[in-house]
Every structure is written in C-alpha cells, then in structure tokens.
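The UniProt record's numbering puts the first residue of the sequence shown at 1, with every later residue one more than the last.
For each residue, glycine too, the CB sits at the ideal point set by N, CA and C.
Below: the structure, in structure tokens.
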Amino acid sequence: MSDSMEVAVIGGGVMGLSTAWELARRGLKPVVFDRFARGHHQGASHGATRNFNNAYDEEHYLDLLVRAREGWNALGQVDGEPLLRLHGLVTHGDVDVAVIERRLIDRGIHAETLTAGEASSRWSGMRFGDDVLFSRDAGVARASAALGELERRIVAAGGEVRWETPVAHRGDRRGRRHHAVRRADAGRRRRRHGRRLDRADAARHPPASAGGHRGVPRALPPQRGRRVAVVQSLRRPRPPPGDGLRHADARRGRQGRLPPRGRRRRPRCPSARGHARGALADYVREWMPGLDPASAVPVSCTYTSTDDSAFVLDRRGRIVVGAGFSGHGFKFAPGVGATLADLALDPTALAAAPFRLS
Ligand SMILES: Cc1cc2nc3c(=O)[nH]c(=O)nc-3n(C[C@H](O)[C@H](O)[C@H](O)COP(=O)(O)OP(=O)(O)OC[C@H]3O[C@@H](n4cnc5c(N)ncnc54)[C@H](O)[C@@H]3O)c2cc1C
C-alpha cells in the first residue's frame, strides 16, 4: 500500500511543528511524523516554558530572532495569553553588554544598560558584579502551549500530525522527484511518498557532526521577600525558567551519539555528579541569594549540538535538514520553520552562511 503527500516533516518537536505550520500557511498540507506520543519527554521541546532571550550579538541569529518574532506574533494568544511573556530579561557576566545593546537598538528592540548598583536595587534577589543589560522585549515562551497551538493550526489547514509513528527509512525511490518514508513498524508495502521532505528532528538523528548532549538543569523556588528577575547570566549557567527558576551549566552533562533507532531510550534520571551539583549550588549562593539552592530538583534533558554550536539549516538534494538547536533553539522556532519552508519550496533559497552544512 502506498499513498502520497506533498511534504513529509520528520520530527514533531517545536522545529518540525513550526516548519509544518509555515508550510501550511503557504497553502501546503504537510504530514508530520513523530516516533513518540504527543507530549513526550524524549526530545528537547517538552516542558512549560523556555527562555526568550534576545541578547545575541551575531547578525544571523538576530535576523532569525526578528523572523521568529513575526511568527510568535502571528500565533497570537492561547487561553487568553500571548505565547511570549515579555516581562523582561537581564544579561550579565562575561559578555560585552555594550555591543549587544547597540545591536538590539539598531533593530528597534528595547535594550538599556544598568550599573550593578541600579540592577541590584531593582532585583534584590540577585547580585551583579558589573554592567547589566536589560531588555523589556524578552522573557519566556510558553513552550507546551506553543506546541499545542502549532499542531492545532497545522490540522486546521488540512495537514496532519502523526504521533507514535517512527520513520525508519528515507530514500529516493522514484528518481529525483519522490522520496519514500517508511514507518518503522510497517513493512515495505506501507510506504508514503512525498515530493519533498523536511527533517527537523533532534537527538535520534543528529547531523553527521553532531552529538547528543544531556544537561542537568535544576528548578529552584525563590525565597520569600526577594525579587528575582528572569536572568541570563553568561558567567556560567543558562537558566530557562519553568516551574520555579531553572539553572544549568550548558557545558556539563554527557555527550555522545545516541542510538540511531532508539532501542535504548535515554535514561530519565539526571546524571549530575556531586561536584556538578555543588558548583551549581555555589553559583546560586553567590549570584542569586534570593533562591534556595538546597531545594533544587534535578531534571534531565537531551538536545543536539554541532561542534561550533551553530544551527544547521540546509538542503541536500530534495531533503531539507534542520538540526543542532542545542540549548537555545526554542525562541527561534517560528524563524527556523520559515527558513526551512523556504528551503523546501524554493530551490534557490539559502539560509545564512553560518547555518549551512558547508
Ligand atoms: C531542558 C531544556 C531547556 C532549554 N531551554 C531553552 C531556553 O530557555 N530557550 C531556548 O530558546 N531554547 C531552549 N532549549 C532548546 C530548545 O528547547 C531546543 O533547541 C528545541 O526544543 C529543539 O527542538 P527540535 O524540534 O529540534 O527537537 P525535539 O524537540 O527533540 O524534536 C525532535 C523530534 O523528532 C522526533 N524523531 C526523532 N527521530 C524520529 C524518527 N525516526 N521518526 C519520527 N520522529 C522522530 C523525536 O521524537 C522528537 O519529538 C532548551 C532545551 C532543553 C532540553
């Protein structure tokens, strides 16, 4: 048995769903395949929130951020609330605050520099050693609400999202115009054919140079009477807030390739050793006295990174690849989806040079 589709998107994380939504906006009826059930925790996109941090100084990321912002705005409100909670974000640490401020202002994005003293008096639960960048135009993205809304819009436009449908084979079965996508649990006769194929998956199929990375963020409740802003501290950890505040040292955690077909699932238990926990607690004690490090709850997560941490947005033949979004991809998702849709629909389209495979 075989049936046809216009575009197959492999991977129903935020990048696959964003790509499919963008394709649907352009009049196509994409079919998304994901190996696990809706809401699963086996990838990188689960959870309540992600940091919507705009403190980038590289033009290609800022371009992607601006494009993403258009998409977030177009997605509108869910349950009476925007998908982006723009309550502001502070950035401090080993970073050139002045450069980022200039780049953001050049693009019409709010940014201002505060002295350490000014910042400390505004956010008493945090300590600052030097200048601090504050942007009102940042905060958090409501991650699980965004996934639900993307799927709703894909289906409303006539597309499909097929959960618990692992793809085991992608191949060019009909010359250059068709690719076969085979479900892992189906025989040869259960192929679906597509004219184009987008791949926006993560840990199970890392790109050639990528490895799976498992980090260990921890959730910390604020202590009474202290105010803690959403913070992006580039001294060490990157803390996306979720239930409580999350702290993570993105350089820690296990690295390596994950099994291609996922017979072994990643362990659910966090792997942080004592010294990593201690370092994180020391960091919180020193820089975020408004949090209680003793109450930290470790959680594990998996994401893929390239060697230089740059995203991969490219095309090989008729296959479009989006991968390597590491620990900071979520905020860019609608921009990534728009770029991958361009690559799928326009053979002359190219992503920004740093995002290309070579
Ligand atoms: C704990 C954590 C905190 C983070 N914090 C932030 C943050 O604060 N801000 C930010 O911007 N970003 C953050 N990120 C990064 C961001 O969440 C990721 O970059 C993003 O979710 C990646 O999305 P994805 O769709 O590429 O990957 P995934 O969500 O992993 O999706 C890939 C999907 O592909 C499916 N799949 C794989 N193989 C197959 C197959 N053979 N057949 C069918 N389906 C398949 C998987 O089941 C999976 O659902 C964080 C990530 C983690 C894990």
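Reduced DSSP category for residue 165 - H, G, I as helix; E, B as strand; rest coil: The residue you call residue 165 lines up with position 165 of the sequence shown. Coil at residue 165, not helix or strand.
Given 8 angstroms, three or more beta-carbon pairs between the stretch 323 to 337 and the stretch 64 to 73: yes
Residue 126 - DSSP class collapsed to helix/strand/coil: Position 126 of the sequence shown, counted from the first residue, corresponds to residue 126. It is coil, neither helix nor strand.
Residue of 354, 353, 330 minimising C-alpha distance to residue 43: In the sequence shown, the residue the question calls residue 43 occupies position 43. Taking only the C-alpha atoms, the option nearest residue 43 is 330.
Residue(s) in a DSSP beta bridge with residue 141: Sequence index remark: in the sequence shown, residue 141 carries index 141 (1-based). Residue 141 is bridged to 50, 84.
Contact test: residue 42 Cβ vs ligand 1 heavy atom, cutoff 7 angstroms: Here the question's residue 42 lines up with position 42 in the sequence shown. The answer is yes for residue 42.
Beta strand (DSSP E) runs wholly inside the stretch 3 to 36, at least 3 long, in chain order: 31 to 33
CB of residue 97 within 8 angstroms of CB of residue 91, strictly: Taking the first residue of the sequence shown as 1, we reach residue 97 at position 97. Taking the first residue of the sequence shown as 1, we reach residue 91 at position 91. A contact, by the Cβ cut-off of 8 angstroms.
Short Cβ contact (8 angstroms threshold) for residue 327 with residue 311: By 1-based counting over the sequence shown, the position of residue 327 is 327. By 1-based counting over the sequence shown, the position of residue 311 is 311. In this structure, residue 311 does not lie closer than 8 angstroms to residue 327 by Cβ.
Nearest-angstrom Cα separation, counted from residue 146 out to residue 47: Here residue 47 is taken as the residue at index 47 of the sequence shown, counted from 1. Here residue 146 is taken as the residue at index 146 of the sequence shown, counted from 1. Computed Cα separation, rounded: 11 angstroms.
Opening and closing residue of the beta strand (DSSP E) in which residue 323 lies: Stepping through the sequence shown from its first residue, residue 323 is reached at position 323. 319 to 323 is the extent of the beta strand (DSSP E) around residue 323.
heavy atom of ligand 1 below 7 angstroms from residue 139 C-beta: Mapped onto the sequence shown, residue 139 falls at position 139. Checking every heavy atom of ligand 1 against the Cβ of residue 139, none is found closer than 7 angstroms.
8 angstroms Cβ cutoff met for residue 50 and residue 111: If you number the sequence shown from 1, residue 50 lands on position 50. If you number the sequence shown from 1, residue 111 lands on position 111. Contact: no.
Rounded separation between residue 195 and residue 31 - CA only: Start at 1 with the first residue of the sequence shown, and residue 195 comes out as number 195. Start at 1 with the first residue of the sequence shown, and residue 31 comes out as number 31. Confidence at residue 195 is low in this model, with a pLDDT of 47, below 50, so the placement of that residue should be treated as unreliable; the coordinate-derived value is given next. When rounded, the distance between both Cα atoms is 12 angstroms.
Cβ pair count under 8 angstroms reaching 3, the stretch 118 to 136 against the stretch 275 to 294: yes
Cβ distance (whole Å) where residue 317 is taken to contact residue 340 below 8 angstroms: The residue labelled residue 317 in the question sits at position 317 within the sequence shown. The residue labelled residue 340 in the question sits at position 340 within the sequence shown. That pair is no contact at about 15 angstroms.
Beta strand (DSSP E) runs contained entirely in the stretch 282 to 333, provided each spans 3 or more residues: 301 to 305, 312 to 316, 319 to 323
Contact set for residue 207: own chain, Cβ-Cβ below 8 angstroms, skip 5 residues either direction: For the purposes of this step, residue 207 is taken as residue 207 along the sequence shown, with counting starting at 1. Caution applies to residue 207, whose pLDDT of 28 falls short of 50 and renders its modelled position unreliable; the model cannot decide the point.
Local conformation of residue 133 per DSSP, three classes: Residue 133 sits at position 133 when you count from the first residue of the sequence shown. Strand, per DSSP.
Any non-hydrogen atom of ligand 1 closer than 7 angstroms to residue 87 Cβ: Taking the first residue of the sequence shown as 1, we reach residue 87 at position 87. No.
Three-way DSSP call (helix, strand, coil) for residue 149 in this model: Along the sequence shown, read from residue 1 onward, the residue named residue 149 stands at position 149. Reduced to three states, the DSSP call for residue 149 is helix.
Continuous beta strand (DSSP E) stretch holding residue 90: start and end: What you label residue 90 is simply residue 90 of the sequence shown in a count that begins at 1. Unbroken beta strand (DSSP E) run through residue 90: 89 to 92.
The stretch 73 to 83 / the stretch 118 to 127 touching (three or more Cβ pairs under 8 angstroms): No, the stretch 73 to 83 is not in contact with the stretch 118 to 127.
Assigned secondary structure, residue 350 (DSSP; H/G/I helix, E/B strand, else coil): Taking the sequence shown and counting its residues from 1, the one referred to as residue 350 is at position 350. If DSSP states are grouped into helix, strand and coil, residue 350 belongs with coil.
Residue 51 CB to nearest heavy atom of ligand 1 below 7 angstroms: Taking the first residue of the sequence shown as 1, we reach residue 51 at position 51. Yes.
From 58, 351, 55, 33, residue whose alpha carbon lies closest to that of residue 162: The count along the sequence shown starts at 1 and reaches residue 162 at position 162. Selection 58, 351, 55, 33 evaluated against residue 162 yields 33 as nearest (Cα-Cα).
Any non-hydrogen atom of ligand 3 closer than 7 angstroms to residue 355 Cβ: Summarising the ligand content, the structure contains ligand 1 and does not contain ligand 3.
Limits of the unbroken alpha helix (DSSP H) element including residue 104: Walking along the sequence shown from the start, residue 104 turns up at place 104. Looking at the DSSP string, the run of the alpha helix (DSSP H) that includes residue 104 is 97 to 106.
Spatial distance of residue 106 from residue 63 (CA atoms): Looking up residue 106 in the sequence shown gives position 106. Looking up residue 63 in the sequence shown gives position 63. Computed Cα separation, rounded: 12 angstroms.
Cβ-Cβ distance between residue 140 and residue 102 below 8 angstroms: Position 140 of the sequence shown, counted from the start, is the residue given in the question as residue 140. Position 102 of the sequence shown, counted from the start, is the residue given in the question as residue 102. Taking 8 angstroms as the Cβ cut-off, residue 140 and residue 102 do not qualify as a contacting pair.
beta-carbon residue 303 near ligand 1 non-hydrogen atom, thresh 7 angstroms: Here residue 303 is taken as the residue at index 303 of the sequence shown, counted from 1. Result yes, Cβ under 7 angstroms from ligand 1.
Counted within 10 angstroms of its Cβ, other Cβ atoms place residue 238 as buried (16 or more) or exposed: To locate residue 238, count along the sequence shown from 1; it is residue 238. Residue confidence for residue 238 is low, a pLDDT of 42 falling below 50, so the modelled location carries little weight; the figure read from the coordinates is stated next. Its Cβ being crowded by 16 or more others within 10 Å, residue 238 is buried.
Three-way DSSP call (helix, strand, coil) for residue 115 in this model: For the purposes of this step, residue 115 is taken as the residue at position 115 of the sequence shown. Residue 115: coil per DSSP, three-state reduction.
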